[in-house]
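Comments concern the structure below.
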Amino acid sequence: MTRWIFLFWIQLFTVVLCEYKDSESFCAAQQTCKYCLRTPRCVWCSTPVSNQNVSGPLVRCVTRQKFLNEGDHWCKKSDVIDAASTMILLEDQPLSSAKGRDPVQVQPQRVQLRLRRGKYHCFYLKDISCNRLVQSTGEEYRLTVKYSQAEDYPVDLYYLMDLSASMERHKDQLSKLGLQLAEAMRKLTSNFRLGFGSFVDKVELPMTSTQPEKLKSPCTLSETKKPCASPYGYKNQMPLTENLKSFKSRVQEAPVSGNLDSPEGGLDAMMQAMVCTKEIGWRQNARRLIVFSTDAGYHIAGDGKLAGIIEPNDCLCHLDEKGFYTHSLLQDYPSVSQINKIARERNINIIFAVIGKKNSTYQSLSQRISGSSIGTIERNSQNVVALVSGEYEKLVNSITMTDDAPKTIDVKYFSRCLEENGELKERRECGGLRVGNIVEFEVTLQATECSANSNESQTIIHIKPRGLNESLTVDLNIICDCPCEHPGHPGYVADSEDCRGNGSLVCGVCSCNYGFYGKQCECEGNEAGAESTAAMADCKPDNETTEICSGHGTCKCGVCDCAKRPNPQEVFYGKYCECDNFSCKRSGGLVCGGRGKCECGTCNCLPGWGGETCDCKETNSTCMASNGENTEICSGRGDCVCGSCLCHEKDNIRYSGQYCEECPICPGQRCEELKNCVECVVHNAGPYAEGGKCDQCLHQIDIVKKVEEDPEKDQDTGAHVCRITGDTGCTFVFKYEYYRGGSGGDIKIFNIIAEKERTCPKPINVVGVAVGLIVSTVIIGFLILLVWKILTMIHDKREFAKFEKERAMAIWRTGANPLYKQATSTFNNPTFQADNKN
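Take the sequence shown: its letters are residues -18 to -1, 1 to 820, numbered as in mature numbering (1 follows the signal peptide of the UniProt record, and there is no 0).
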């Protein structure tokens, strides 16, 4: 044990020392004040070259710790530039929920923050097992945000209803919900307003029939047998109002219309309902709810091209004086991402109240819209009240912190929620809140990048609970450069004598004019001339080093000019060209795995990643069970490495499982140990049954007809149920638990209950299988022959019929055969003369 402790401290010291040296290297590699301040925990010395009182070349950028250790021996305190993050409270009203006044649910309300840029740095040592013990993070600022739920907070609920023909039978039922909704919501808040809007679809083919008679009445109502109303896209039927009795009449008066295709123009209506703040009547400080009720799917961006509508949705309000959507035929349906963006910006919570079999369609839509939920409307529509009130209670009884910080600002949330003495965990959501509860969130902000545009270094961030308009406004100014780098500052001297009149003195360093270079701009031209020994010495870190500029550049007037790489993205840098941005380890073919930057041979990982190649997740949340039963990392039996548990082994006991919660060989899990005894005593089988006496079994085994399982009771008593497959292939069940007996009660004895019967696989009937196989083969063969015979007969019959048809249609003609000769010939006798008749 002593040896392991000694090795642990040796490795820990080595890691800390490596981290310190790596930090020094990162700082020393920065050659300007701007880049020095952009490196975490580094400070800059702006002492001009002529006023230096130190021996040897001055390393201008060092760690803050080295400055504190060396003090004036390194640089005068008045010349040290160390910009620190600072915060000023601009508005800090206390939390309040008094009636008659605007509630204050978030404190503070506005701060001004100067934040120094910082990044995550993870240092690892090769072949050292404790490489995960020390991690160094960049500079960050932590502030506290308080939240308290206000009593009688105003609520605006807008009911957006599909009034196509298929919704006719639900209209009357939904019209009666106004007073019921008001009554239910007033139990939660007395400041409640209700509004109503309806939609069908775009009045254009192929969404809606454009025949003149169909434009007047596209359908006939099934219940009243009357013609339905003219089609329309969306109409704001009733703006938000406290006159809740008018809701019923407005819904009943709203006309039902129809369209051709199945999907409706619901997203068109939802967009207008969200962006038309004045027309709908949304209040500034109110929880905003939209109940979206339909029995059909929805058209999305791109579907408008079917009707020749190609103009994208502009997310602006287009309602006329009567409340109709005027741009229905001028622009396309909005996309799901546009709906999500506007819902987040306007703090609107959407409740999808779906009728029929479209639940899965809107379930996937709800997952893509933050702050939305979904429920199914029953036949009588009465569960809408419970659905809306239930979703509202979920909103007010929980809090989820959100922000609109850009990607260059990393924001994290930590809270104990309602546990005053609980552990501070990284989370942005707390539940179970009631009026009067105060929840504190510790918010950490870290600037990971500096924009090339100086105007973007100033930004405004809103940190707020989801669904509320109240927020903490952070006027953020990212510190990305030094004041002495700007003309007019005392640290900026143009044509300085310290620079031989050939350049400007900027934060103690010469910025040479074109055509000059060197520490004091003493060198003219751009090519290296004959260098003196002293100048060459300035291009080496010490006299023991033989390589000039680390072998990656040339010495020009005492200054290293780093070599250029064929790839312009790969560069050497540093005072002695000792650093580069491409020699770090790779993961997946990418430097630093594509999740960090290579700085001086070490991966500088993005927030949330670590490791030599930035392929390790730094969060511990994936190493803790999500069921809340055990909040320890890896159940206290392992270490969280790269987001996964690495379980310990102690006293020959190794834990396993995702959270090191399993221990197959622990004393509490002895199914394998007891199975031979149970199989022998109960079933007279197994390895212990060879002698027929089961002499090796020393436990008392009770045989029952059925082993009863009660998970809660078994957990309390520590009982375990085992299902084991024996040597004969049969499965048997038994339960065991411990109880104490004997003097002092310190002897553990098993109490085993086993089922009398076991489940054995039925033997295969070999003869039956063989006979069945033979019979099936014969039958299949006979069927094949029969099918073949039938097909050939059909083919022959068709061919014969074809022949008969052709023979019947043939026409036979008679004629003389030129080759034919009669069988007899006639000859005349020349001497024969017949009697001449006078």
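C-beta atoms are modelled at their ideal positions from N, C-alpha and C, and glycine is treated no differently.
Quick caveat, the model's predicted, so the values are computed rather than measured.
Opening and closing residue of the beta strand (DSSP E) in which residue i lies
i, result
"residue 73", "68 to 73"
"residue 222", "216 to 223"
"residue 687", "Residue 687 -> no beta strand (DSSP E), and no H or E assigned at all."
"residue 128", "123 to 130"
"residue 586", "584 to 587"
"residue 705", "702 to 707"
"residue 355", "355 to 358"
"residue 47", "Per DSSP, residue 47 belongs to no beta strand (DSSP E); it is in the alpha helix (DSSP H), 46 to 52."
"residue 189", "Residue 189 -> no beta strand (DSSP E), and no H or E assigned at all."
"residue 615", "Careful: residue 615 lies outside any beta strand (DSSP E) and carries neither H nor E."
"residue 140", "137 to 144"
"residue 492", "491 to 494"
"residue 441", "440 to 447"
"residue 622", "620 to 623"
"residue 337", "Residue 337 -> no beta strand (DSSP E), and no H or E assigned at all."
Residue i (DSSP reduced to helix, strand or coil)
i, result
"residue 151", "helix"
"residue 736", "strand"
"residue 370", "helix"
"residue 229", "helix"
"residue 729", "In this prediction, residue 729 has a pLDDT of 40, which is less than 50 and means its spatial position is unreliable; what the coordinates show is noted afterwards. Three-state result, residue 729: strand."
"residue 318", "helix"
"residue 266", "coil"
"residue 292", "coil"
"residue 719", "strand"
"residue 235", "helix"
"residue 499", "strand"
"residue 530", "helix"
"residue 562", "strand"
"residue 92", "strand"
"residue 596", "coil"
"residue 86", "strand"
"residue 299", "coil"
Own chain residues within Cβ distance below 7 Å of residue i, not counting five before or after
i, result
"residue 201", "147, 210, 240"
"residue 20", "99, 432, 462"
"residue 78", "85, 86"
"residue 502", "31, 480, 481, 482, 492"
CB of residue i within 8 Å of CB of residue j, strictly
i, j, result
"residue 715", "residue 689", "yes"
"residue 496", "residue 538", "no"
"residue 283", "residue 272", "no"
"residue 64", "residue 46", "yes"
"residue 321", "residue 351", "yes"
"residue 821", "residue 216", "Absent from the model: residue 821. The displayed extent of the chain is -18 to 820, so no value can be given."
"residue 430", "residue 390", "yes"
"residue 263", "residue 222", "yes"
"residue 123", "residue 189", "no"
"residue 738", "residue 686", "yes"
"residue 144", "residue 276", "yes"
"residue 166", "residue 367", "yes"
Neighbourhood of residue i by C-beta distance below 8 Å, restricted to the same chain and skipping five residues each side
i, result
"residue 450", "87, 88, 269, 329"
"residue 601", "408, 590, 625"
Own chain residues within Cβ distance below 6 Å of residue i, not counting five before or after
i, result
"residue 440", "459"
"residue 728", "With a pLDDT of only 41 at residue 728, under 50, the local geometry of the prediction cannot be trusted, and the value read off the model is given with reservation. Counting only Cβ-Cβ distances below 6 Å, and skipping sequence neighbours, we find nothing."
"residue 805", "none"
"residue 704", "653, 716"
"residue 57", "27, 29"
Opening and closing residue of the alpha helix (DSSP H) in which residue i lies
i, result
"residue 664", "653 to 665"
"residue 754", "748 to 790"
"residue 194", "194 to 198"
"residue 832", "Nothing about residue 832 can be reported from this structure: the residues present for the chain run from -18 to 820 only."
"residue 15", "15 to 19"
"residue 350", "341 to 350"
For the segment 696 to 715 and the segment 654 to 669, state whether three or more C-beta atom pairs, one from each stretch, are separated by less than 8 Å.
-> Contact between the segment 696 to 715 and the segment 654 to 669 is present, because at least three Cβ pairs lie under 8 Å.
Is there contact between the segment 410 to 423 and the segment 481 to 493, where contact requires at least three CB pairs shorter than 8 Å?
-> no
Could you tell me whether the segment 394 to 410 touches the segment 340 to 360, where touching means 3 or more Cβ pairs closer than 8 Å?
-> no
Count the CB pairs spanning the segment 576 to 594 and the segment 548 to 565 that are closer than 8 Å, and state whether there are at least three.
-> Short answer: they touch.
Inter-stretch contact (C-beta, 8 Å, three-pair minimum) for the segment 585 to 605 and the segment 544 to 557 = no
Taking 8 Å as the threshold, find out whether the segment 164 to 182 comes into contact with the segment 125 to 144 through three or more Cβ pairs.
-> yes
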